[in-house]
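Written below as structure tokens is the structure these notes are about.
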DNA sequence: TTGTAAGCGTTATCAT
DNA sequence: ATGATAACGCTTACAA
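Protein chains in written order, with the numbering used here: chain A, 1 to 344; chain B, 345 to 688.
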């Protein structure tokens, strides 16, 4: 039933080393022989065993994408499909496959370092910063194992990330251009690098305009609706309410939207709301949300490219890559009168 | 640097077959020896090569998930993460890994039948019906290769799907219970089994109530906002407008919502809108949408379990599995006065 | 209970 | 340009 290289060799009347060379299109084989052998391979419907090839070549032609499925609320999960698409589009054309693994199987022997790496199931790794602790990075560095982290992380030699600081600047600049001047920041965990960078960008831009962001206008919390709701209510009811909000996530922005609606605060006239991330449905809120789109497919592509470079032994130095976000202005912040109408 | 079974054997002063048996916890090895060998494996930080094991065992311990990344608009993509989570949770505990592959590499030799199956990269396959044509199913059947299709499909021996007919019935029943009686159906491609089954369920339930669904109230089209928008406008402006809509997707429902708003039609008082699928953000529309939640994690689990059964040689017969949807009633259809207030 | 040796299906190094 | 043959790292009869 199953046909191996040996079958092809004897059917073609050549040695299996010859067949192997045909398989790899070696220049030392005559066109004649190549044609003949290939013909027979077709006839016998032969496909080389990737496992045997892997053993001989000492490589799996597989790259691993490591995720923590217990964290179902992560930003990246929403865009998992497009990230995978991006990665696949580059590694697929280089004859690699993508293996998805869950760190959760963190049982004694189930650790991915064994399951995936030491067992040679994958030749390289891509992982989110949420699973890639500094300690793990160090271990991977020590093993000289090629990996890319999605998100900048201490200890990682090579990463791809969105430029969160620029994102903070872009949203802030947009608000200022629309005539807002009292910007509050909603959501984000204290100490979280993502939060820190975004806030930093926001502050930079305010500073340029001679403004600042007072501490009491920074509303820390999870990127959830409830948090956005509470934060907005508190801010809007305070003595000196802000005139605009930058939210860490669409969910937080939904909460803020709801709070404003309940308090009868007009959007965008009295309050502007802008948010990081662009979820598929954020343009369908009332009013539609101004948001910062992150090209997650591109993130996947970049991660894939960086990883392939590492595996091929180039890019020894290690480096990071920052992707620019894209501002999508919508009704929730557009309060200047325009002739052209609102963009979709 | 790298340590193999041979190294362990000589370090432990035993034969490598003994080490192999220890690895597989063979009962024919004394506890003494096991302890000794395991100790050495720990010391030397040994992990067996999955590739070598695979070659010897003639299996990859990998299962493939086949998708078509060119179809970025598919329903399942939104829930890709949770489907993967479901699959992984069952195959992971059986020491299998998940390989994601894209059919798009449909170049002559890049066909997944070669790349994945004939090359023995995976021991089993899960694929959406959109990539699994009847022809491909036949081929897989012929090869006796274990696979599960996500969605019922002609030619597939074994599949897992949501009960779309029941879904149609549930949404319809809910509308009837809320006092609606003129139900229109928005979205869905003529001939698409998904559409046919959902519509069928809808009709069954109407029939039970002595009602029917006239042809002109079936608005075929892609599951997009624009389609929902146009369909709703057309329906609402007609001589005899329906009093409620069942939409094939959240996007279509958004369009319908928008159309109603523009025409000043009150929701839910004058028009009820219910939709298949529950996107993460559908509860944030104004008003929030009544929708049919599909447990995609569970779908993954079921597919994984069915596949493992097939691989283990059980479940020879082949069978299908229908998962029940869950109705989430929200403001867009709840027009009866309630004491308890609206559910979230 | 342990050891020997023959696979598993390729690639790679030499000869020829 | 082609062929023998030894890896690659593990499993599995079969022997001892």
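Don't be surprised by glycine CBs; every beta carbon is placed ideally from N, CA and C. All of these numbers come straight from a predicted model, not from anything done at the bench.
6 Å Cβ shell around residue 563(B) - same chain, five flanking residues per side excluded: Cβ within range, chain order: 530, 575.
Between which residues of its own chain and residue 669(B) is the CB-CB distance below 7 Å, once the five residues before and five after are set aside? Excluding residues within five positions, the ones whose Cβ falls inside 7 Å are 506, 507, 510, 511, 514, 636, 637, 638.
Quick one: is residue 429(B) near chain A, going by C-beta distance under 8 Å? Closer than 8 Å to some Cβ of chain A, the Cβ of residue 429(B) qualifies, so yes.
Note the first and the last residue of the continuous beta strand (DSSP E) segment covering residue 405(B). That residue, residue 405(B), is in no beta strand (DSSP E); it is neither H nor E in DSSP.
Assuming residue 473(B) and residue 495(B) make a contact with CB atoms under 8 Å, what is their CB distance in whole Å? Confirmed, Cβ separation roughly 4 Å.
Please list, in chain order, the chain B residues whose beta carbon lies closer than 7 Å to that of residue 353(A). Beyond the ends of chain A as shown, which are 1 and 344, falls residue 353(A); an answer cannot be given.
Quick check on residue 97(A) - is its C-beta less than 8 Å from some C-beta in chain B? So yes, residue 97(A) belongs to the interface.
Less than 8 Å between the C-beta atoms of residue 532(B) and residue 592(B), yes or no? Residue 532(B) places its beta carbon less than 8 Å from that of residue 592(B).
For the 8 Å Cβ check, are there 3 or more pairs between the stretch 303-312 of chain A and the stretch 357-372 of chain B? Two segments are said to touch when three or more pairs of C-beta atoms, one from each, lie closer than 8 Å; by this definition the stretch 303-312 of chain A does not touch the stretch 357-372 of chain B.
For a quick check, are the C-beta atoms of residue 463(B) and residue 49(A) less than 8 Å apart? Yes, they are a contact pair.
Chain-order list of residues whose beta-carbon lies under 7 Å from that of residue 413(B) (same chain, five-residue window excluded): Excluding its 5 nearest sequence neighbours in each direction, residue 413(B) has C-beta neighbours in its own chain below 7 Å: 446, 448, listed in chain order.
Just checking: is the beta-carbon of residue 685(B) within a distance shorter than 8 Å of some beta-carbon in chain A? Because the pLDDT of residue 685(B) is 49, which lies under 50, any placement of that residue in the model is unreliable, and the question is left without a value.
Buried/exposed call for residue 336(A), threshold 16 Cβ in 10 Å: By the 10 Å Cβ count, residue 336(A) comes out exposed.
Mapping DSSP to helix, strand and coil, what is residue 309(A)? Of the three classes helix, strand and coil, the one that applies to residue 309(A) here is helix, per DSSP.
Range of the contiguous beta strand (DSSP E) that encloses residue 412(A): As displayed, chain A neither begins before 1 nor continues past 344, which places residue 412(A) out of reach and without an answer.
What are the residues that DSSP puts in a beta bridge with residue 626(B)? Per DSSP, none; premise fails for residue 626(B).
Counting Cβ pairs closer than 8 Å, one from the stretch 14-24 of chain A and one from the stretch 358-368 of chain B, do we hit at least three? The stretch 358-368 of chain B and the stretch 14-24 of chain A do not touch, with fewer than three beta-carbon pairs separated by less than 8 Å.
How is residue 3(A) classed by DSSP in three states: helix, strand or coil? DSSP places residue 3(A) in coil when its eight states are reduced to three.
Start and end residues, beta strand (DSSP E) containing residue 147(A): Its beta strand (DSSP E) spans residues 147-150.
For residue 29(A), does the three-state DSSP call read helix, strand or coil? Coil, per DSSP.
Quick one: is residue 308(A) buried, meaning 16 or more other Cβ sit within 10 Å of its Cβ, or exposed? The residue in question, residue 308(A), is buried, as its Cβ has 16 or more Cβ neighbours within 10 Å.
Thinking C-beta only, is residue 310(A) closer than 8 Å to residue 124(A)? It is a contact, given that the beta carbons lie within the stated cut-off.
Identify each residue in the stretch 30-52 of chain A for which the Cβ-Cβ distance to at least one residue of chain B is less than 7 Å, and report them in chain order. Those residues of the stretch 30-52 of chain A that come within reach of chain B (Cβ to Cβ, closer than 7 Å) are 47, 48, 49, 50, 51, 52.
From 241(A), 140(A), 266(A), 328(A), pick the residue whose C-alpha is nearest to that of residue 275(A); which is it? The residue with the shortest Cα to Cα distance from residue 275(A) is 328(A).
Identify the contact partners of residue 118(A) in chain B, using a Cβ-Cβ distance below 7 Å as the criterion. Against chain B, the beta carbon of residue 118(A) has neighbours under 7 Å at 391, listed in chain order.
Answer yes or no: do residue 675(B) and residue 612(B) have a C-beta to C-beta separation smaller than 8 Å? At the C-beta level, residue 675(B) and residue 612(B) come within 8 Å of one another.
Using C-beta distances below 8 Å, list every residue in its chain close to residue 617(B), excluding the 5 sequence neighbours before and after it, in chain order. By the criterion of a C-beta distance shorter than 8 Å, residue 617(B) is surrounded in its chain by 588, 589, 591, 597, 600, 601, 604, 611, 633, 634, 676, 677, once the five residues flanking it on both sides are discounted.
Using a Cβ-Cβ distance under 8 Å, would residue 636(B) count as near chain A? Put simply, the CB of residue 636(B) is far from chain A, with every gap to its CB atoms at 8 Å or more.
Could you please give me the residues that DSSP links to residue 546(B) through a beta bridge? According to DSSP, which records beta bridges pairwise, residue 546(B) is partnered with nothing at all.
Would you say residue 688(B) faces chain A, with C-beta separation under 8 Å as the test? Below a pLDDT of 50, predicted positions are generally treated as unreliable, and residue 688(B), at 45, falls in that range; no measurement from the model is reported.
For residue 403(B), tell me which candidate among 358(B), 439(B), 420(B) has the shortest Cα-Cα distance. Checked all of 358(B), 439(B), 420(B); the closest Cα to residue 403(B) is 439(B).
Sequence-distant residues of its chain with Cβ nearer than 7 Å to residue 341(A) (five each side left out): Caution is warranted here: a pLDDT of 49 is assigned to residue 341(A), below 50, making its placement in the model unreliable, and no coordinate value can be reported.
So who's on the other strand from residue 219(A), going by DSSP bridges? Bridge partners of residue 219(A): 186(A).
Residue 629(B) touches chain A at which residues, Cβ-Cβ below 9 Å? In chain order: 281, 284, 285, 286.
Residue 625(B) and residue 281(A) look like a contact to me (Cβ under 8 Å); what is the Cβ gap, rounded to whole Å? Contact between residue 625(B) and residue 281(A) is confirmed by a C-beta separation of about 4 Å, below the 8 Å threshold.
Enumerate in chain order the residues of its own chain whose CB-to-CB distance from residue 353(B) is below 8 Å, with the five nearest sequence positions on each side excluded. Result list for residue 353(B): 359, 360, 362, 363, in chain order.
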